[in-house]
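Written out below as structure tokens is the structure these notes cover.
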Amino acid sequence: MTDFTRADVEVLDRQTGFKGFYRLDVLTLRHRLFNGGWGPALRRELFVRHDAVCVLPYDPWLDRVVLIEQVRIGAIDKSERPWMLELVAGLIDKDEAPEQVAHREAEEEAGLQLLKLTPITRYFPSPGGSDELVHLYLATVDSRGAGGVHGLEEEGEDIRVSLWPRAEAVAALASGRIDNAATIIALQWLEMQAAQLRASAGPQP
């Protein structure tokens, strides 16, 4: 069985169709076929985004997670409640490592200091039309005192921070109340790892 690589895709033309905070490129490309040979030239639009960092803050001593809530434009046409329960997140739009973005966004969006970062995975949330790559982490935190409304005023952010017992967060996932990919993946991962994380947490700071 042949494993294709990047060399098996030929970009015949690439133009920028729009450039604002994000960018839309128009590509003409062709690729090799599983049955042999090359396929026809295809015209595709590509949503060009900065890579993202998403962090699930978890307090292993109290067995609860910190989630944030804010309005999301992508949900306003398809959800009765476009204020989504999410992870702390931000874009890598400067010369920063993903870990630096995680610490910065945790402070800005939730007023949290991250004690330890554990990588969960990296994934493409919508590779059919976007090049965004998400760096997903779990962060150990002391959640005592967490809460309130946060965010940068100059960026129009209005972010509510809430504390959830792990079992209640998982129930919200099961009921569909939590319906975005990064939060679903991170909570499912936490369910598999929670016992070990709690056992190895040591004394509460």
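Going by the UniProt record's numbering, the letters in the sequence shown line up with residues 1 to 205, in that order. Every residue gets a Cβ at the ideal spot worked out from N, C-alpha and C, and that includes glycine.
Each residue's CA atom was taken as its position, placing Arg81 and Leu152 some 23 Å apart.
Going by DSSP, Gln100 is part of the alpha helix (DSSP H) stretching over 98-110.
When secondary structure is reduced to three states using DSSP, Leu133 falls in the coil class, being assigned neither helix nor strand.
Around the beta carbon of Ser143, 16 or more other beta carbons sit within 10 angstroms, so the residue counts as buried.
In the structure shown, the three-state DSSP call for Glu157 is coil.
By the 16-neighbour rule on beta-carbons within 10 angstroms, Glu105 is buried.
With contacts defined as CB atoms closer than 7 Å, Thr183 and Glu69 fail to qualify as a contacting pair. Inclusion of Phe124 and Leu133 in the CB contact set at 7 Å is warranted, their separation being smaller than that value.
Take the alpha-carbon of Thr5 and the one of Ser130: they are about 18 Å apart.
Considering only Trp83, Ala186, Ile185, the residue with the shortest C-alpha distance to Asp158 is Trp83. Cβ neighbours of Thr16 within its own chain (closer than 7 Å, five residues either side excluded): Arg23, Asp25.
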